[in-house]
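Taking it in order: structure first as structure tokens, then the write-up.
Residue numbers (my numbering): 8 to 169.
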């Protein structure tokens, strides 16, 4: 599996508990985050660079991105979508803020830093081989599993429709 924008690796740690034999890989640009991330996965499995600059012919059974697409400049989304779908052999899991139409939200007092939209819908519209197989919502008021208000979409890649 690979996580785009893994930060310190908290998602990878959680998935390691569920799937201990899975070989994990990550793309992360932040130096401090990479220093923490390499405590969890081997450095040779970390692509220490921007998602925008990253390129690999390799595909993984699971490609994950959580809370990253919302920070990508909309002009770069097509490029990132191509990288997500290209790296996905079987499943693509998106976990992001959702809005049916694109909108910009002030983020820590700054504009042009956080965007909500239908990321999964845009990917499926551009890549017919990607099919929605599950989706759901995480509620920030859930005391058992505290998260922000996030929507997840699990897409499956059907190589025969490429």
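All C-beta atoms in this analysis are idealised placements derived from N, C-alpha and C, irrespective of residue type, glycine included.
Flag this pair as yes or no: are the beta carbons of residue i and residue j separated by less than 7 Å?
{"i": "residue 87", "j": "residue 58", "result": "yes"}
{"i": "residue 114", "j": "residue 69", "result": "no"}
{"i": "residue 160", "j": "residue 142", "result": "yes"}
{"i": "residue 102", "j": "residue 73", "result": "yes"}
{"i": "residue 31", "j": "residue 8", "result": "yes"}
{"i": "residue 90", "j": "residue 66", "result": "no"}
{"i": "residue 104", "j": "residue 130", "result": "no"}
{"i": "residue 47", "j": "residue 19", "result": "yes"}
May I ask you to list the residues that DSSP assigns as paired with residue i?
{"i": "residue 32", "result": "9"}
{"i": "residue 148", "result": "Paired residues: none, contrary to the question."}
{"i": "residue 124", "result": "105"}
{"i": "residue 129", "result": "Residue 129 is not bridged to any residue."}
Buried or exposed: residue i, going by 16 or more other Cβ atoms within 10 Å of its Cβ?
{"i": "residue 13", "result": "buried"}
{"i": "residue 56", "result": "exposed"}
{"i": "residue 140", "result": "exposed"}
{"i": "residue 146", "result": "exposed"}
{"i": "residue 148", "result": "exposed"}
{"i": "residue 165", "result": "exposed"}
{"i": "residue 116", "result": "exposed"}
{"i": "residue 33", "result": "buried"}
Less than 6 Å between the CB of residue i and some heavy atom of the ligand MN, yes or no?
{"i": "residue 108", "result": "Among the ligands in the structure shown, none appear at all, so the ligand MN cannot be discussed."}
Examine chain B for any beta-carbon lying closer than 7 Å to the beta-carbon of residue i, and answer yes or no.
{"i": "residue 133", "result": "Judged by its chain identifiers, the structure shown contains no chain B, having just a single protein chain."}
For this session: Report the residue ranges of all alpha helix (DSSP H) runs contained in full by the segment 67-101; include only those spanning at least 4 residues, in chain order.
Result: 84-94
Problem set entry | Stretch-stretch touch, CB-based, cutoff 8 Å, three pairs: the segment 79-93 with the segment 13-25 | No contact exists between the segment 79-93 and the segment 13-25.
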